[in-house]
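Engineer:
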Amino acid sequence: MIVMRTGFRKMSDLRQHSHAKSSVFSTVSFAAVFLFVIFVNFICNLSLSSLVFRTKESFEVLYNGNSQQQLESTSTTKHTCRSQQQLEPTLSRIPLRLIKTEIKEGHSEDQNNQNPPFSVTNKGRINTRRSQQHLVPTSTKIPLPPIKEEIREGHSEEDQDNLNPPFNLTKEERIAWFNKKLPEFEILKSTKLTQQFDARVKEFFKHKCKGQFFMTWIAPAKSFGRREFFAMESLFKSHPDGCLIILSSSMDSIDGNKILKPLLDRGFRVLAVTPDLSSLFKETPAQAWFAEMKSGKKDPGGIPLSQNLSNLLRLAVLYKYGGIYLDMDFIVLKKFTDLRNSIGAQGMDLWGNWTILNNAVLVFEKRHPLLYNFMEEFASTFNGNKWGYNGPFLVSRVIERVPRSDRNNFTILPPMAFYPLDWAQIGSFFRKPKKRADLRWVEAKLLQLSRETYGVHLWNKHSRGQRIEEGSLMGRLISNHCVICKQIYSS
1 MIVMRTGFRK MSDLRQHSHA KSSVFSTVSF AAVFLFVIFV NFICNLSLSS LVFRTKESFE
61 VLYNGNSQQQ LESTSTTKHT CRSQQQLEPT LSRIPLRLIK TEIKEGHSED QNNQNPPFSV
121 TNKGRINTRR SQQHLVPTST KIPLPPIKEE IREGHSEEDQ DNLNPPFNLT KEERIAWFNK
181 KLPEFEILKS TKLTQQFDAR VKEFFKHKCK GQFFMTWIAP AKSFGRREFF AMESLFKSHP
241 DGCLIILSSS MDSIDGNKIL KPLLDRGFRV LAVTPDLSSL FKETPAQAWF AEMKSGKKDP
301 GGIPLSQNLS NLLRLAVLYK YGGIYLDMDF IVLKKFTDLR NSIGAQGMDL WGNWTILNNA
361 VLVFEKRHPL LYNFMEEFAS TFNGNKWGYN GPFLVSRVIE RVPRSDRNNF TILPPMAFYP
421 LDWAQIGSFF RKPKKRADLR WVEAKLLQLS RETYGVHLWN KHSRGQRIEE GSLMGRLISN
481 HCVICKQIYS S
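Residue 52 in UniProt numbering sits at position 52 of the sequence shown, with consecutive numbering throughout.
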């Protein structure tokens, strides 16, 4: 009995000792973890403070120094110490003029990434697009953009973002928004400059032009990039004696002349002219449509009006003057001189019948009846809410209704003429060959294009994020059809 009591006493003492040790161990463990968290937080804050300080200091050097200096902010710590919301105010203090953004149809380009880490909105905010660790990347280089010259007096550039209607508006709300924004649409205004349009065009074409070419640019001059310049280079490579008119209010300016100067200095004939839409659409089916739109009574739709105006503008200018219209995302490979009254098919079925046409390239004589029919269809069926409805689908609808017996006054070219690759496949043109099979494909495609293709539509809406890789089919095409040939692989 005594032995049992002694045993119970020892077991009780052992339990008490074990509980004591467990309590001490838990306390020590908790203290260690707590101290570790404090230490990590201190190190992270210290690292980020140092990083922010160095970033601000570098920007001050850039701001006051040579325009060719580039910022390099480095960090050896992972950016997991502060949330994205905490880091955003730091980025918002970066001087906006130091961040080069190239906005095209609502997108910005980045040479290294298809989706840039951040972009500057028209209100000066910085929109983060990736995880926090990409917000202040290692060795980030942000070139200082050139100081913009003042635009011709009385002329201001249009801000595409401000002219695009907000999403999810009713028809009535969109019309009200459009009425409010009407004064900001430079392209709709009639001024002393626009009223000179007809005289300027006719004077320009008095030169011995071997081909009258037109392009449109309803966007700020600052967003006119290398891709658009390559389109002009390729045109003059194949048509050195051709004459190109760019219908644009923003390019008809000091900034625009500066962009075109490299071509003008080499003797090529190119002129940016502010169009006068009232006179262009006069005595055409588009006249009544334009008057209603300009009065603010018509729904512009959810798609940017600039896109639909470009669709109509190309029809009217060819109807009034005749010639060749090309989109700005088009690389010319050979002369168009043997083409007359032609439009290209974008797709064909197994039996060789076209399935859809496209209006990115139009070759027509002055006053051609098909152009009149196109404008008539535009004015009577306009829908600003469906992408392509007033463009590729419009020309397809009209020609589909033309009896086959009456199709002898125009030509429908096969897809290989202008659209050798569909928009979903265009990315393969930009990638360099990695295997021998890829290289053989590039060589075979180059040979095929040289025989069957007048030019290549780049589908800029889908390919603008694609970087032209060295050795790629696109790189080879541009290298073979450029006249200045600068910065091919940085675009």
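Ideal Cβ positions, reconstructed from N, Cα and C, are used throughout, including at glycine. These numbers were taken from a predicted model, which means no experiment stands behind them.
Does the pairing of the region 235-246 with the region 343-352 give three or more beta-carbon distances under 8 Å?
Structural biologist: no
Engineer: Which stretch, first to last residue, makes up the beta strand (DSSP E) that contains Asn358?
Structural biologist: Position 358 of the sequence shown holds residue 358. Run containing Asn358: Trp354 to Phe364, per the beta strand (DSSP E) assignment.
Engineer: Going by C-alpha to C-alpha distance, which of Phe290, Phe268, Thr194 and Lys386 sits closest to His207?
Structural biologist: Against the sequence shown, residue 207 aligns to sequence position 207. Of the candidates Phe290, Phe268, Thr194 and Lys386, the one whose C-alpha sits nearest the C-alpha of His207 is Phe268.
Engineer: Between Ser279 and Gln195, is the Cβ-Cβ spacing less than 9 Å?
Structural biologist: For the purposes of this step, residue 279 is taken as the residue at position 279 of the sequence shown. For the purposes of this step, residue 195 is taken as the residue at position 195 of the sequence shown. Judged by their CB atoms, Ser279 and Gln195 are nearer to each other than the 9 Å cut-off.
Engineer: For Arg152, which residues of its own chain have a beta-carbon under 7 Å away from its beta-carbon, when the five flanking residues on both sides are left out?
Structural biologist: Reading the sequence shown from its first residue, position 152 is the one you call residue 152. The predicted model places Arg152 with a pLDDT of 41, which falls under 50 and marks its position as unreliable; any figure quoted below should be read in that light. Closer than 7 Å at Cβ, skipping near neighbours: Ser253 and Ile254.
Engineer: When the Cβ atoms of the region 330-344 are set against those of the region 283-302, are three or more pairs found closer than 8 Å?
Structural biologist: no
Engineer: Looking at C-alpha atoms only, which residue of Met328, Ser306 and Tyr372 is the closest neighbour of Val317?
Structural biologist: If you number the sequence shown from 1, residue 317 lands on position 317. Checking every option, the nearest Cα to that of Val317 belongs to Tyr372.
Engineer: Could you say if the region 417-424 and the region 375-386 meet the contact criterion of at least three C-beta pairs nearer than 8 Å?
Structural biologist: Contact between the region 417-424 and the region 375-386 is absent, with fewer than three C-beta pairs closer than 8 Å.
Engineer: Go through the region 151-231 residue by residue and report every complete run of the beta strand (DSSP E) that reaches 3 residues or more, in order.
Structural biologist: 212-216
Engineer: Which same chain residues, not among the five before or five after Ile412, have their C-beta less than 8 Å away from its C-beta?
Structural biologist: Taking the first residue of the sequence shown as 1, we reach residue 412 at position 412. Here the set comprises Ser342, Ile343, Gly344, Ala345, Trp354, Leu357 and Ile399.
Engineer: On a Cα-Cα basis, can you pick out the residue from Leu313, Leu169 and Ala272 that is closest to Trp289?
Structural biologist: By one-based count along the sequence shown, residue 289 stands at place 289. Comparing Cα positions, the closest option is Leu313.
Engineer: To the nearest angstrom, report how far apart Phe197 and Glu365 are at their CA atoms.
Structural biologist: For this step, residue 197 is matched to residue 197 along the sequence shown. For this step, residue 365 is matched to residue 365 along the sequence shown. The C-alpha of Phe197 lies about 20 Å from the C-alpha of Glu365.
Engineer: Counting beta carbon pairs with one atom in the region 179-186 and one in the region 222-229, are three or more of them shorter than 8 Å?
Structural biologist: no
Engineer: Using three-state DSSP, classify Cys342 as helix, strand or coil.
Structural biologist: Position 342 of the sequence shown, counted from the first residue, corresponds to residue 342. Note on identity: in this sequence residue 342 is Ser, with Cys being the wrong assignment. If DSSP states are grouped into helix, strand and coil, Ser342 belongs with the strands.
Engineer: Leaving out five residues on either side along the sequence, give the residues of the same chain with a beta carbon under 7 Å from the beta carbon of Gly471.
Structural biologist: Within the sequence shown, the letter at position 471 stands for residue 471. So the qualifying residues of the chain are Lys432 and Pro433.
Engineer: Roughly how many whole angstroms lie between the Cα atoms of Leu449 and Ser479?
Structural biologist: Translated into the one-based positions of the sequence shown, residue 449 becomes position 449. Translated into the one-based positions of the sequence shown, residue 479 becomes position 479. Roughly 15 Å between the two C-alpha positions.
Engineer: Using the Cα positions of Thr284 and Leu193, report the straight-line distance between them to the nearest angstrom.
Structural biologist: Working through the sequence shown from its first residue, we reach residue 284 at position 284. Working through the sequence shown from its first residue, we reach residue 193 at position 193. Cα to Cα, Thr284 sits roughly 22 Å from Leu193.
Engineer: Which partner residues of His457 appear in the DSSP bridge assignment?
Structural biologist: Working through the sequence shown from its first residue, we reach residue 457 at position 457. Answer is Phe330.
Engineer: Need the endpoints of the alpha helix (DSSP H) that Leu264 sits in, please.
Structural biologist: Taking the first residue of the sequence shown as position 1, residue 264 is located at position 264. For Leu264, the enclosing alpha helix (DSSP H) has its first and last residue at Ile254 to Asp265.
Engineer: In three-state DSSP terms, what is Ile303?
Structural biologist: By 1-based counting over the sequence shown, the position of residue 303 is 303. Residue state, collapsed to three classes: coil.
Engineer: Taking 8 Å as the cut-off, does the region 422-430 touch the region 454-468 (at least 3 CB pairs, one atom from each stretch)?
Structural biologist: yes
Engineer: Would you check if the distance between the CB atom of Phe374 and the CB atom of Val395 is smaller than 9 Å?
Structural biologist: Against the sequence shown, residue 374 aligns to sequence position 374. Against the sequence shown, residue 395 aligns to sequence position 395. Their beta carbons are under 9 Å apart, which means Phe374 touches Val395 by this criterion.
Engineer: Distance, Cα to Cα, Val270 vs Lys282?
Structural biologist: On the sequence shown, residue 270 is found 270 positions in, with the first residue counted as 1. On the sequence shown, residue 282 is found 282 positions in, with the first residue counted as 1. Cα to Cα, Val270 sits roughly 26 Å from Lys282.
Engineer: Please report the straight-line C-alpha distance between Asn127 and Pro166, rounded to a whole angstrom.
Structural biologist: Locating residue 127 in the sequence shown gives position 127, counting from the first residue. Locating residue 166 in the sequence shown gives position 166, counting from the first residue. Note on Asn127: pLDDT 36, under 50, position unreliable in the model; the coordinate value appears next. About 18 Å.
Engineer: Kindly list the residues whose CB is nearer than 6 Å to the CB of Asp241, restricted to its own chain and excluding five residues on each side of it in sequence; keep chain order.
Structural biologist: Against the sequence shown, residue 241 aligns to sequence position 241. Within the same chain, Asp241 has close Cβ partners Lys210.
Engineer: Under the assumption that Met232 contacts Leu263 (Cβ atoms under 8 Å), give the Cβ distance between them as a whole number of angstroms.
Structural biologist: Counting from 1 along the sequence shown, the entry for residue 232 is found at position 232. Counting from 1 along the sequence shown, the entry for residue 263 is found at position 263. Going by Cβ atoms, the distance from Met232 to Leu263 rounds to 6 Å, so yes, they are a contact pair.
Engineer: Rounded C-beta distance between His457 and Asp327? I'm assuming under 8 Å.
Structural biologist: Residue 457 sits at position 457 when you count from the first residue of the sequence shown. Residue 327 sits at position 327 when you count from the first residue of the sequence shown. Contact flag correct, Cβ pair sits at about 7 Å.
Engineer: Using only the alpha-carbon positions, how far apart do Ile175 and Asn308 sit?
Structural biologist: Numbered from 1 along the sequence shown, position 175 holds the residue referred to as residue 175. Numbered from 1 along the sequence shown, position 308 holds the residue referred to as residue 308. If I take the Cα positions, the gap works out to 16 Å.
Engineer: Could you round the C-beta distance between Leu446 and Arg476 to whole angstroms and report it? I think they count as a contact, below 8 Å.
Structural biologist: What you label residue 446 is simply residue 446 of the sequence shown in a count that begins at 1. What you label residue 476 is simply residue 476 of the sequence shown in a count that begins at 1. Right, the Cβ-Cβ distance comes to about 6 Å (below 8 Å), so this counts as a contact.
Engineer: Suppose the cutoff is 6 Å on Cβ atoms and the five residues either side in sequence are ignored; what does the same chain contact list for Leu315 look like?
Structural biologist: Start at 1 with the first residue of the sequence shown, and residue 315 comes out as number 315. Taken in chain order, the residues that qualify are Leu371, Phe374 and Met375.
Engineer: Below 8 Å CB to CB, which residues in the same chain sit around Trp177 once its five sequence neighbours on both sides are set aside?
Structural biologist: Here residue 177 is taken as the residue at index 177 of the sequence shown, counted from 1. Answer for Trp177: Pro165, Pro166 and Leu169, listed in chain order.
Engineer: When the distance is taken between beta carbons, is Arg200 closer than 9 Å to Val273?
Structural biologist: Translated into positions along the sequence shown, residue 273 becomes position 273. Translated into positions along the sequence shown, residue 200 becomes position 200. Cβ distance < 9 Å, so Val273 and Arg200 count as in contact.
Engineer: Using the Cα positions of Thr55 and Gly256, report the straight-line distance between them to the nearest angstrom.
Structural biologist: Residue numbering aside, residue 55 sits at position 55 when the sequence shown is read from its first letter. Residue numbering aside, residue 256 sits at position 256 when the sequence shown is read from its first letter. Confidence in Thr55 is poor, its pLDDT being 34 and thus under 50, which makes the residue's placement unreliable; the coordinate value appears in the next sentence. Each residue's Cα considered, the two are about 34 Å apart.
Engineer: Using DSSP with H/G/I as helix, E/B as strand and the rest coil, what is Ile488?
Structural biologist: Start at 1 with the first residue of the sequence shown, and residue 488 comes out as number 488. Ile488 falls in the coil class under three-state DSSP.
Engineer: For my contact list, Val483 and Lys189 are in at a C-beta cut-off of 8 Å; report their separation, rounded to the angstrom.
Structural biologist: Taking the sequence shown and counting its residues from 1, the one referred to as residue 483 is at position 483. Taking the sequence shown and counting its residues from 1, the one referred to as residue 189 is at position 189. Actually they do not touch by this definition, with Cβ atoms about 35 Å apart.
Engineer: From the DSSP output, read off the bridge partner residues of Met375.
Structural biologist: As a first step, residue 375 is located in the sequence shown; it is residue number 375 there, counting from the start. Note: Met375 sits in no beta bridge, so no partner.
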